[in-house]
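Numbering (the working numbering), first residue to last: 1 to 247.
Notes follow once the structure below has been shown.
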Ligand code: FPP
């Protein structure tokens with residue numbers, strides 16, 4: 001798309017009704033690479049470039065929370081060289097981008113059990129979280145070794161621990177108190193969930209939180225996902241009538 005066309009699209013966005021929280025399932029890196037006769041890791045490498053661009057585009061239009069699904073609890077089933085490449089890319093991404101992220105007042109958070117990740121990743125991720133912890137701009141929430149079912153089971157276990165300690169009673173459990181046990185405890189539910197690559201499924205992403213999230217799908221692969229696709233998703237979202245079960 002030409003620069004003017006992108007700008008024209010951007011101007012169609014109602015800046016007063018930007019979705020506060022956007023989730024993205026960054027899918028299609030492997031197929032993008034295969035289509036070009038490249039190794040799957042080349043698709044992931046190209047995918048990281050889109051992460052940089054989309055973080056920038058989202059923060060510029062005042063998205064408050066951006067949740068990116070980078071590595072799921074099921075992704076451990078992939079060949080070890082692909083897992084290693086993904087971990088390396090993650091470290092490289094933080095290394096390269098963290099100063100800019102910090103300068104843009106973005107706060108990095110993670111959802112998922114990062115203790116199971118390689119030490120090099122844990123170190124970089126914790127450095128990013130620590131450096132940006134007082135930032136007040138957009139929250140960049142990265143799903144790492146994250147699964148929605150795992151998150152819910154972890155919450156139930158923690159509630160039972162608190163019950164044993166007398167900190168919580170069954171009658172105290174409701175939607176709001178349950179959310180305090182999720183990784184996303186300080187965030188609103190996603191308003192918009194974007195999934196490129198043509199797959200029409202949730203793949204274990206934020207299962208509890210997406211109850212009333214608006215979905216936006218596209219056939220393009222994540223390495224082809226540009227700012228204009230983000231704008232298009234937001235424009236479509238703004239045309240929806242969200243009733244949250246009401247009329
Ligand atoms: C899905 O494509 C993508 C992933 C499992 C990894 C996403 C990770 C990145 C874009 C890079 C690292 C992230 C950050 C935040 C820097 P796929 O491999 O399942 O593609 P396929 O369905 O075509 O095989």
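C-beta: ideal position from N, C-alpha, C; glycine also.
Nothing here was measured: the structure is a model prediction, and the numbers come from that model.
- Since residue 214 contacts residue 243 with CB under 8 Å, what's their CB separation in whole angstroms? 11 Å between Cβ atoms; not a contact.
**Message:** Which same chain residues end up closer than 7 Å to residue 20 when comparing Cβ atoms and leaving out the 5 residues on each side of it in sequence?
**Reply:** So the qualifying residues of the chain are 64, 65, 188 and 191.
Min CB distance residue 189 to chain C below 8 Å: The displayed structure is made up of one protein chain only, and chain C is not part of it.
Exposed or buried, which one is residue 166 when buried takes at least 16 other CB atoms within 10 Å?
The residue is exposed, with fewer than 16 neighbouring Cβ atoms inside 10 Å.
query = Can you find a heavy atom of the ligand FPP that lies under 7 Å from the Cβ of residue 44?
reply = Under cutoff, so the answer is yes.
Review point. Pairing CB atoms from the region 158-176 with CB atoms from the region 116-133, are three or more of them under 8 Å?
Key: Taking a cut-off of 8 Å for Cβ pairs, the region 158-176 and the region 116-133 do not touch, as fewer than three such pairs fall below it.
- What are the complete beta strand (DSSP E) segments, minimum 3 residues, inside the region 55-95? Counting whole runs of 3 or more residues, the region 55-95 contains the beta strand (DSSP E) stretches 65-72.
Quiz prompt | Strand pairing of residue 248, partner residues [DSSP] | solution = Only positions 1 to 247 of the chain appear in this structure, which leaves residue 248 out of reach.
Give the secondary structure of residue 24 by DSSP, where H, G and I count as helix, E and B as strand, and everything else as coil.
For residue 24, the three-state secondary structure derived from DSSP is strand.
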